[in-house]
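Student:
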Amino acid sequence: MEWFVRDFDHPLYFDIYQCKEAEAQEEGTALATMLDLPRGSLVLDLPCGWGRLRPALEDRGFRVVGGDLSPLNLHRHQSEYPGALARLDLRALPFRSGVADGIFCAFTSWGYFASEEENLRQLQEFHRILRPGGVLLLDLVSRSYLEDGISRMENTWFNARGGYRERVRWSPDHRRVLTDRIHQGERFRHDIWIPEDQEVLDFLILAGFEVQAPRGDLEGHSLDRNSERRIYRATSRPTPRA
Ligand SMILES: C[S@@+](CC[C@H](N)C(=O)[O-])C[C@H]1O[C@@H](n2cnc3c(N)ncnc32)[C@H](O)[C@@H]1O
């Protein structure tokens, strides 16, 4: 089973990521503003998780449809933030071509797949369902921030509240970050490709986007070596004629 099928669909996931609910308003408001689309725009929240960022998108006047693979997340989403939702896989989206004005992809939700082809496929699917000129907002953790953080604690288990343990390290080829977690006796392993900045740009361009200068934080400062995030606003180019 691919790691993301189980890790995100486990009841303990909500426990582990509890702190993200408190960050949702600030994070969602800033990121939704960066989409910079008119009120009434159709924005797909992909993947939407349990919907913590949906209120910020709705506050901007967007029509929002969420999509996620995890039934557990979708179930929580429907009870806490009811609205239009679809169960889906990011590699094959169940939407018509050109239907969306915007796609909102927050909290490092790209790079989960084992192959570059599948990770490119996710961006190509985003491009397919956006109308020409539609906007993708892609919010990723910064690679340099991870480099610095991991170099201080690589391969060290740290203990937090209630016996929770976590260890972060690079894959042997230094391209993916492996995060092991043990919580209430259950083991989890995130395995995420962390591309170089240039690779993110190359993949976005290859998938059919024009990319603005990335931002490095929620305040909109330029991306630099000390940035914690990489936030890309990419505009869908019309598909070139064959
Ligand atoms: C880090 S969470 C981010 C969710 C949301 N964007 C947020 O900021 O709260 C990643 C989400 O991706 C979903 N996911 C993982 N792999 C997926 C796939 N192949 N297709 C669709 N969703 C997927 C997970 O179920 C999880 O809800």
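So that you can map any letter, position 234 of the sequence shown is 1231 in my numbering, and since no number is skipped, the others follow by simple counting. Note that beta-carbon positions come from the ideal geometry of N, C-alpha and C, so glycine has one too. Quantities reported herein were computed from a predicted structural model and do not represent experimental measurements.
Would threonine 1232 pass as a contact of glycine 1131 if the rule is Cβ separation under 9 Å?
Tutor: Position 235 of the sequence shown, counted from the first residue, corresponds to residue 1232. Position 134 of the sequence shown, counted from the first residue, corresponds to residue 1131. Their beta carbons are under 9 Å apart, which means threonine 1232 touches glycine 1131 by this criterion.
Student: Is the beta carbon of cysteine 1045 less than 9 Å from the beta carbon of leucine 1071?
Tutor: As a first step, residue 1045 is located in the sequence shown; it is residue number 48 there, counting from the start. As a first step, residue 1071 is located in the sequence shown; it is residue number 74 there, counting from the start. For cysteine 1045 and leucine 1071, yes; Cβs fall inside 9 Å.
Student: Going by beta carbon distance, what residues of the same chain come within less than 8 Å of phenylalanine 1206, once the five residues before and after it are set aside?
Tutor: Within the sequence shown, residue 1206 is the residue found at index 209, counting from 1. Closer than 8 Å at Cβ, skipping near neighbours: Leu1120, His1124, Leu1133, Ala1231, Thr1232, Ser1233 and Arg1234.
Student: Could you spell out the range, first to last residue, of the alpha helix (DSSP H) harbouring arginine 1149?
Tutor: Indexing the sequence shown from 1 puts residue 1149 at position 152. Per DSSP, arginine 1149 belongs to the alpha helix (DSSP H) from 1140–1150.
Student: Once DSSP output is grouped into helix, strand and coil, what is the label at threonine 1232?
Tutor: Reading the sequence shown from its first residue, position 235 is the one you call residue 1232. Strand, per DSSP.
Student: Could you tell me if tyrosine 1010 is buried or exposed, where buried requires 16 or more neighbouring beta carbons within 10 angstroms of its beta carbon?
Tutor: Counted from its first residue, the sequence shown places residue 1010 at position 13. That one is buried.
Student: According to DSSP, is phenylalanine 1101 part of a helix, a strand, or is it coil?
Tutor: Here residue 1101 corresponds to residue number 104 of the sequence shown, with the count starting at 1. Strand at phenylalanine 1101.
Student: Would you grab the beta carbon distance between histidine 1180 and aspartate 1006 for me? Rounded to a whole angstrom, and I think it's under 8 Å.
Tutor: Locating residue 1180 in the sequence shown gives position 183, counting from the first residue. Locating residue 1006 in the sequence shown gives position 9, counting from the first residue. At roughly 15 Å, the Cβ-Cβ gap does not stay under 8 Å, so histidine 1180 and aspartate 1006 are not in contact.
Student: Taking the alpha-carbon positions, what's the asparagine 1156 to proline 1129 distance?
Tutor: Reading the sequence shown from its first residue, position 159 is the one you call residue 1156. Reading the sequence shown from its first residue, position 132 is the one you call residue 1129. Between asparagine 1156 and proline 1129, the C-alpha separation is close to 48 Å.
Student: Alpha carbon to alpha carbon, how far is histidine 1171 from arginine 1088?
Tutor: Residue 1171 sits at position 174 when you count from the first residue of the sequence shown. Residue 1088 sits at position 91 when you count from the first residue of the sequence shown. Whole-angstrom Cα-Cα distance: 24 Å.
Student: With respect to the beta strand (DSSP E) encompassing glycine 1063, which residues constitute its N-terminal and C-terminal limits?
Tutor: By one-based count along the sequence shown, residue 1063 stands at place 66. Per DSSP, glycine 1063 belongs to the beta strand (DSSP E) from 1060–1065.
Student: Using 8 Å for Cβ pairs, my map puts leucine 1032 next to glycine 1080. What's the rounded Cβ distance?
Tutor: Taking the first residue of the sequence shown as position 1, residue 1032 is located at position 35. Taking the first residue of the sequence shown as position 1, residue 1080 is located at position 83. The pair is not a contact, with the Cβ atoms about 17 Å apart (cut-off 8 Å).
Student: Going by DSSP in three states, leucine 1135 sits in which element: helix, strand or coil?
Tutor: To locate residue 1135, count along the sequence shown from 1; it is residue 138. Leucine 1135 falls in the strand class under three-state DSSP.
Student: Suppose contacts are defined by Cβ-Cβ distances below 9 Å. Is glycine 1064 in contact with leucine 1041 by that definition?
Tutor: The residue you call residue 1064 lines up with position 67 of the sequence shown. The residue you call residue 1041 lines up with position 44 of the sequence shown. Against a cut-off of 9 Å, the Cβ pair of leucine 1041 and glycine 1064 comes out as a contact.
Student: What I want to know is whether the C-beta of asparagine 1116 ends up closer than 8 Å to one or more non-hydrogen atoms of ligand 1.
Tutor: Looking up residue 1116 in the sequence shown gives position 119. Asparagine 1116 Cβ: outside cutoff for every heavy atom of ligand 1.
Student: Which of the three DSSP states is assigned to alanine 1029 in this structure?
Tutor: Position 32 of the sequence shown, counted from the start, is the residue given in the question as residue 1029. If DSSP states are grouped into helix, strand and coil, alanine 1029 belongs with the helices.
Student: Kindly list the residues whose CB is nearer than 7 Å to the CB of leucine 1203, restricted to its own chain and excluding five residues on each side of it in sequence; keep chain order.
Tutor: Here residue 1203 corresponds to residue number 206 of the sequence shown, with the count starting at 1. The answer, listed in chain order, is Leu1117.
Student: From the DSSP output, in three-state form, read off leucine 1050 for me.
Tutor: Counting from 1 along the sequence shown, the entry for residue 1050 is found at position 53. DSSP places leucine 1050 in coil when its eight states are reduced to three.
Student: Going by the DSSP bridge assignment, what does alanine 1083 pair with across the sheet?
Tutor: For the purposes of this step, residue 1083 is identified with residue 86 of the sequence shown, where counting begins at 1. Answer is Gly1064, bridged to alanine 1083.
Student: With 16 other CB atoms within 10 Å as the buried threshold, where does glutamate 1018 fall?
Tutor: Here residue 1018 corresponds to residue number 21 of the sequence shown, with the count starting at 1. Burial call: exposed.
Student: Measuring from the CB of alanine 1111, is there a heavy atom of ligand 1 at a distance below 8 Å?
Tutor: Counted from its first residue, the sequence shown places residue 1111 at position 114. No.
Student: On the premise that histidine 1074 lies in contact with glycine 1048, defined as a C-beta separation below 8 Å, what is that separation, rounded to the nearest angstrom?
Tutor: Looking up residue 1048 in the sequence shown gives position 51. Looking up residue 1074 in the sequence shown gives position 77. Yes, they are in contact, since the Cβ atoms of glycine 1048 and histidine 1074 sit about 4 Å apart, within 8 Å.
Student: Classify serine 1106: buried if its beta carbon has 16 or more other beta carbons within 10 angstroms, exposed otherwise.
Tutor: On the sequence shown, position 109 is the one that residue 1106 refers to. Flag for serine 1106 reads buried.
Student: Answer yes or no: the CB of tryptophan 1190 versus the heavy atoms of ligand 1, is any distance below 8 Å?
Tutor: Within the sequence shown, numbered from 1, the residue matching residue 1190 stands at position 193. No, since every heavy atom of ligand 1 falls outside the 8 Å radius drawn around the Cβ of tryptophan 1190.
Student: Spatial neighbours of histidine 1218 within its chain, please: CB distance less than 8 Å, with the 5 preceding and 5 following residues excluded, ordered by chain position.
Tutor: Looking up residue 1218 in the sequence shown gives position 221. Correct list, in chain order: Arg1212 and Ser1224.
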